[in-house]
Amino acid sequence: VPDPDSPMFGEVQSPQYPQPYPPNLQQQWELRVPEGFQIRLTFTHLDIEAAAGCYYDSLTVLHKEKLLGKFCGTENSADGHHPGNHPILSPGNTLMLIFQTDDDNPERHQNLGFSAQYQAIDVDECSAPEPLDGSGPLCSQICLNTLGSYLCACHHGYELRSDQRTCVLSCGGGIFDEPEGHLFSPGYPMIPPHAVSCQYIISVEPGFTVSLNFSDNFHIESVDTEDGLICLHHWLLVTIPDREPIKLCGGSSPGLMETNSSTVKLDYHTDDKGQSRGWSLDYRTQRVQCPVPGRVANGRVTPVLTEYFYRDYLHVRCDQGYKLMMEGEEIQSFFTMCVSSGRWHLSLPECHIIDCGEPEPLLNGAVTVLSGFQNQYRSVVQYHCNQPFYSPLGGVNVTFRCDADRQWRSTHDVISSPTCLPVCGQPTKLISGYQR
Amino acid sequence: IIGGSNAPHKTIPWQVMLSVGSGRGGGMVIADRWILTAAHVLVANGATVPPEDVRIYMGHNDVKTLKDTPVNASSLYIHPGYKNPDLLNYNNDIALMKLDQPITFDSSVMPLCLPAEGATYDTGVMGLVSGFGITINRGREVLTNRLKYVQLPVVDQETCSSSLSSIRRTRSDVPNLTENMFCAGVPEGSKDSCQGDSGSAFTLRENGRFYAAGIVSWGIECGKRGTYGVYTRVSNYLPWINNTIQNN
Numbered sequence: 031v032p033d034p035d036s037p038m039f040g041e042v043q044s045p046q047y048p049q050p051y052p053p054n055l056q057q058q059w060e061l062r063v064p065e066g067f068q069i070r071l072t073f074t075h076l077d078i079e080a081a082a083g084c085y086y087d088s089l090t091v092l093h094k095e096k097l098l099g100k101f102c103g104t105e106n107s108a109d110g111h112h113p114g115n116h117p118i119l120s121p122g123n124t125l126m127l128i129f130q131t132d133d134d135n136p137e138r139h140q141n142l143g144f145s146a147q148y149q150a151i152d153v154d155e156c157s158a159p160e161p162l163d164g165s166g167p168l169c170s171q172i173c174l175n176t177l178g179s180y181l182c183a184c185h186h187g188y189e190l191r192s193d194q195r196t197c198v199l200s201c202g203g204g205i206f207d208e209p210e211g212h213l214f215s216p217g218y219p220m221i222p223p224h225a226v227s228c229q230y231i232i233s234v235e236p237g238f239t240v241s242l243n244f245s246d247n248f249h250i251e252s253v254d255t256e257d258g259l260i261c262l263h264h265w266l267l268v269t270i271p272d273r274e275p276i277k278l279c280g281g282s283s284p285g286l287m288e289t290n291s292s293t294v295k296l297d298y299h300t301d302d303k304g305q306s307r308g309w310s311l312d313y314r315t316q317r318v319q320c321p322v323p324g325r326v327a328n329g330r331v332t333p334v335l336t337e338y339f340y341r342d343y344l345h346v347r348c349d350q351g352y353k354l355m356m357e358g359e360e361i362q363s364f365f366t367m368c369v370s371s372g373r374w375h376l377s378l379p380e381c382h383i384i385d386c387g388e389p390e391p392l393l394n395g396a397v398t399v400l401s402g403f404q405n406q407y408r409s410v411v412q413y414h415c416n417q418p419f420y421s422p423l424g425g426v427n428v429t430f431r432c433d434a435d436r437q438w439r440s441t442h443d444v445i446s447s448p449t450c451l452p453v454c455g456q457p458t459k460l461i462s463g464y465q466r
Numbered sequence: 011i012i013g014g015s016n017a018p019h020k021t022i023p024w025q026v027m028l029s030v031g032s033g034r035g036g037g038m039v040i041a042d043r044w045i046l047t048a049a050h051v052l053v054a055n056g057a058t059v060p061p062e063d064v065r066i067y068m069g070h071n072d073v074k075t076l077k078d079t080p081v082n083a084s085s086l087y088i089h090p091g092y093k094n095p096d097l098l099n100y101n102n103d104i105a106l107m108k109l110d111q112p113i114t115f116d117s118s119v120m121p122l123c124l125p126a127e128g129a130t131y132d133t134g135v136m137g138l139v140s141g142f143g144i145t146i147n148r149g150r151e152v153l154t155n156r157l158k159y160v161q162l163p164v165v166d167q168e169t170c171s172s173s174l175s176s177i178r179r180t181r182s183d184v185p186n187l188t189e190n191m192f193c194a195g196v197p198e199g200s201k202d203s204c205q206g207d208s209g210s211a212f213t214l215r216e217n218g219r220f221y222a223a224g225i226v227s228w229g230i231e232c233g234k235r236g237t238y239g240v241y242t243r244v245s246n247y248l249p250w251i252n253n254t255i256q257n258n
């Protein structure tokens, strides 16, 4: 990116130009453009006292210590050294101009000095020849020239090292957190460079388990011993939490491997010898399974599925006339969820039959149980008045049933208990007399 | 009660005995917190007696036993039309007493029905009047300790009025008979209600039920030939009774 403090172009002129320059001058200009650019200097006019070797007056152009030209004369003068129409290109992003004049100027010809324009020219670093110091090319694989700079890039399967210059074979490792994916060893199925050390971590959300499915083309160098194959120099180490790591090698694919874990670490190692072609696998995830719930007496568990997995919900509803009870407490509603540990986060509740409580006592009357038990759902009671001194309002004894809403309710949907009205004017004993 | 009989226990379960100051009166239970009586029982010297001066007894036919279980009145309601400063005007002789606690009814205490709306009392129909008032024992007036009753016919209003007119020829201080009163008794005398029975019920029976047709109010002497007892006509006061009870 061009430095905003350094101009991309500009103009340089001798003092008093286009008037003749004064004698006894020693003036210099240091031109600077942004890093990664060269300076191209083009003279639009140069008229400096001509002399062999530009002995009296001269304009010297330098890059650092390197002399790029010393100019004087006019375009057609026999003496001097005029740049003509050829621009001067600096090797770097700086350029020094030194204008010198002596104390004597010819009277018959007034020299006007010079006028020049400069501009920044992008350097194509990529086309520069390889340094001779043996450090190798600027980029080990692909060089991309940019304005003022360059970038190195690598071919597919390689990645740029931290020196931003050289490329190394890519492990393709890292953390894989998608629900499914494909992994393979560097260069697979080709034989990669030696001394590979790659780590792959499959880590998905808890509540999911990972299964690895190795492709048939599996080849990790092994050593054949009396005890069988051992993974001495090359191996793929499969590490599952809370289990012994599994070291894989040989020519047979492990096939499908159920890890029952949400995290798996794969470490692929080869030493600086050998010819392992590597491995590839597809991984998938599936939700953790929870046990099928039992039945709830006098209630319903929904939804009814053949299998239940992580994040599945269960609802329990009681049949009419029953209430949800959990740890001795009544609850209004119940649901439980299959959690990442493969368990239901709450155990199932129970459904207990509801009761309406003691029926309201009846003033000057009583209540008797006709059917049912402990005032439970569907129990039936009958109110009656203390006859013959009281009689029920309406004249008949009323029965109440314990309803599902825990209310005692009559057959006429009445909730309040009946009233006993006093019986008037009917003594239990009448005055009797038989004498006439 | 003159010329009556002792009432067996539980035969007149609505009967109430009142003790107001040193006097005795009667009343009848009409609801679990309400007693109906005569206004003049609760008015002394032109003023309503305080409720705490009224002792109420019920549930037995023997005064000695009755006295063991007094009931208290919380408020008294005299009919607003009762104005009797000279004790010569018994018009609107009706009052209600509200009890401070409700009564639970049983065979010994039971309410008396009120007459039906617009009820009339036919002449000659036998009613029953009871009370703990004066009776005649061996020719002398005595205050009884036993609840007594006597059955008396309803007397034609004209007949009763004529009887009173006759008496006025010799006595000047005879109260007037109004349409809010009716008479009961027999012309030959010897059967009547008397002092101490005031406020008690004169009942009629219809469809097996007794109802309060009248309230013992006044009369010229007791049981005298040619005179009748005068009773407050309850059927004329149904609106006042209902309103008083509902409003209180």
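From first to last, the protein sequence lines stand for chains F and B.
The numbering of the first sequence is the working numbering, which starts it at 31 and goes up by one.
The numbering of the second sequence is the working numbering, which starts it at 11 and goes up by one.
Think of the CB as a built atom: it goes at the ideal place given N, C-alpha and C, for glycine as much as any other residue.
Comparing the C-beta of residue i with each C-beta of chain A, is any distance below 8 Å?
{"i": "PRO448/F", "result": "Considering every chain present, this structure includes no chain A. Its protein chains are F and B."}
Inspect the beta-carbon positions of residue i and residue j and report whether they are closer than 8 Å.
{"i": "PRO197/B", "j": "ARG235/B", "result": "yes"}
{"i": "ILE128/F", "j": "GLN194/F", "result": "no"}
{"i": "ASP132/F", "j": "PRO37/F", "result": "no"}
{"i": "LEU311/F", "j": "CYS279/F", "result": "no"}
{"i": "CYS129/B", "j": "VAL165/B", "result": "Cys is not the amino acid found at residue 129/B; the sequence shown has Ala there. Cβ atoms of ALA129/B and VAL165/B: not closer than 8 Å."}
{"i": "LEU46/B", "j": "THR254/B", "result": "no"}
{"i": "VAL160/B", "j": "LYS93/B", "result": "no"}
{"i": "ILE383/F", "j": "THR293/F", "result": "no"}
{"i": "ASN16/B", "j": "ARG215/B", "result": "no"}
{"i": "SER306/F", "j": "HIS264/F", "result": "yes"}
By alpha-carbon positions, which one of the options ends up nearest to residue i?
{"i": "HIS116/F", "options": "ASN123/F, ASP132/F, ALA146/F, MET126/F", "result": "ALA146/F"}
{"i": "ASN99/B", "options": "GLY137/B, TYR241/B, GLU151/B", "result": "TYR241/B"}
{"i": "LEU393/F", "options": "GLN465/F, LEU423/F, ARG317/F", "result": "LEU423/F"}
{"i": "TYR338/F", "options": "VAL318/F, HIS345/F, VAL326/F", "result": "VAL318/F"}
{"i": "ASP207/F", "options": "TYR298/F, THR239/F, THR124/F", "result": "THR239/F"}
{"i": "ASN102/B", "options": "ILE255/B, ASN258/B, TRP250/B, ASN257/B", "result": "TRP250/B"}
{"i": "SER135/B", "options": "THR188/B, ASP42/B, THR213/B, ALA41/B", "result": "For the sequence presented, residue 135/B should be read as Val rather than Ser. Nearest option by C-alpha distance: THR213/B."}
{"i": "GLN111/B", "options": "TYR131/B, SER85/B, HIS89/B", "result": "SER85/B"}
{"i": "VAL91/F", "options": "ASP77/F, LEU125/F, PRO45/F", "result": "LEU125/F"}
{"i": "GLY83/F", "options": "VAL63/F, HIS93/F, HIS111/F", "result": "HIS111/F"}
{"i": "SER282/F", "options": "HIS249/F, PRO48/F, VAL63/F", "result": "HIS249/F"}
{"i": "PRO418/F", "options": "PRO45/F, ASP134/F, GLY395/F", "result": "GLY395/F"}
Could you give the distance in angstroms between the alpha-carbon of residue i and the alpha-carbon of residue j?
{"i": "TYR51/F", "j": "LEU142/F", "result": "6 Å"}
{"i": "PRO32/F", "j": "ALA80/F", "result": "For PRO32/F, the pLDDT reaches just 49, beneath the cut-off of 50, and the residue's location in the model is therefore unreliable, leaving the point undetermined."}
{"i": "VAL119/B", "j": "MET38/B", "result": "10 Å"}
{"i": "GLU26/F", "j": "SER88/F", "result": "The requested residue 26/F does not occur in the structure, where chain F is confined to residues 31 to 466."}
{"i": "GLY217/F", "j": "GLY187/F", "result": "7 Å"}
{"i": "CYS454/F", "j": "SER446/F", "result": "25 Å"}
{"i": "GLY203/F", "j": "ASP301/F", "result": "18 Å"}
{"i": "GLY211/F", "j": "ASN290/F", "result": "17 Å"}
{"i": "ARG219/B", "j": "GLN456/F", "result": "5 Å"}
{"i": "CYS348/F", "j": "LEU451/F", "result": "41 Å"}
{"i": "ALA222/B", "j": "ARG436/F", "result": "45 Å"}
{"i": "THR449/F", "j": "ILE146/B", "result": "45 Å"}
{"i": "TYR180/F", "j": "CYS173/F", "result": "7 Å"}
{"i": "THR237/B", "j": "ARG178/B", "result": "12 Å"}
Considering only heavy atoms of the ligand GTP, does any lie closer than 7 Å to the CB of residue i?
{"i": "GLY178/F", "result": "With respect to the ligand GTP, the structure shown offers nothing to examine, as it has no ligands at all."}
Meets three-Cβ-pair contact criterion under 8 Å: the region 402 to 413 of chain F and the region 422 to 436 of chain F: Yes: at least three Cβ pairs fall under 8 Å.
Proximal residues, the region 49 to 60 of chain B versus chain F, C-beta separation under 7 Å: The residues in question: there are none.
Any 3 or more C-beta pairs closer than 8 Å across the region 134 to 153 of chain B and the region 40 to 54 of chain B: Under the 8 Å Cβ criterion, the region 134 to 153 of chain B does not count as touching the region 40 to 54 of chain B, having fewer than three qualifying pairs.
Selection of the region 108 to 122 of chain B by Cβ proximity to chain F, strictly under 8 Å: So the list reads THR114, PHE115, ASP116, SER117, MET120, PRO121, LEU122, given in the order they occur along the chain.
Positions along the region 20 to 42 of chain B whose CB lies within less than 8 Å of some CB in chain F: Flagged, chain order: LYS20, THR21, ILE22, PRO23, TRP24, ILE40, ALA41, ASP42.
Touching by the beta-carbon criterion (3+ pairs, under 8 Å), the region 96 to 103 of chain F and the region 154 to 167 of chain F: The region 96 to 103 of chain F is not in contact with the region 154 to 167 of chain F.
Near-chain B residues of the region 416 to 432 of chain F (beta-carbon distance less than 9 Å), N- to C-terminal order: Within the region 416 to 432 of chain F, the residues whose Cβ lies closer than 9 Å to some Cβ of chain B are ASN416, PRO418, PHE419, TYR420, listed in chain order.
Residues, ordered as in the chain, of the region 218 to 240 of chain B that lie near chain F by beta-carbon distance below 8 Å: Cβ contacts with chain F come from GLY218, ARG219, PHE220, TYR221.
Inter-stretch contact at 8 Å, needing at least 3 Cβ pairs: the region 70 to 83 of chain B / the region 201 to 208 of chain B: Because the criterion of three Cβ pairs below 8 Å is not met, the region 70 to 83 of chain B and the region 201 to 208 of chain B do not touch.
Contact between the region 456 to 466 of chain F and the region 59 to 69 of chain B (3+ Cβ pairs under 8 Å): Cβ pair count under 8 Å is below three, so no.
At least three beta-carbon pairs within less than 8 Å, the region 20 to 29 of chain B to the region 162 to 177 of chain B: Judged by Cβ distances under 8 Å, the region 20 to 29 of chain B makes no contact with the region 162 to 177 of chain B, as fewer than three pairs qualify.
Members of the region 375 to 397 of chain F that neighbour chain B once the beta carbon cut-off is set at 7 Å: Within the region 375 to 397 of chain F, the residues whose Cβ lies closer than 7 Å to some Cβ of chain B are ASN394, listed in chain order.
Members of the region 180 to 210 of chain B that neighbour chain F once the beta carbon cut-off is set at 8 Å: Within the region 180 to 210 of chain B, contact with chain F at the beta-carbon level (separation under 8 Å) is assigned to no residue.
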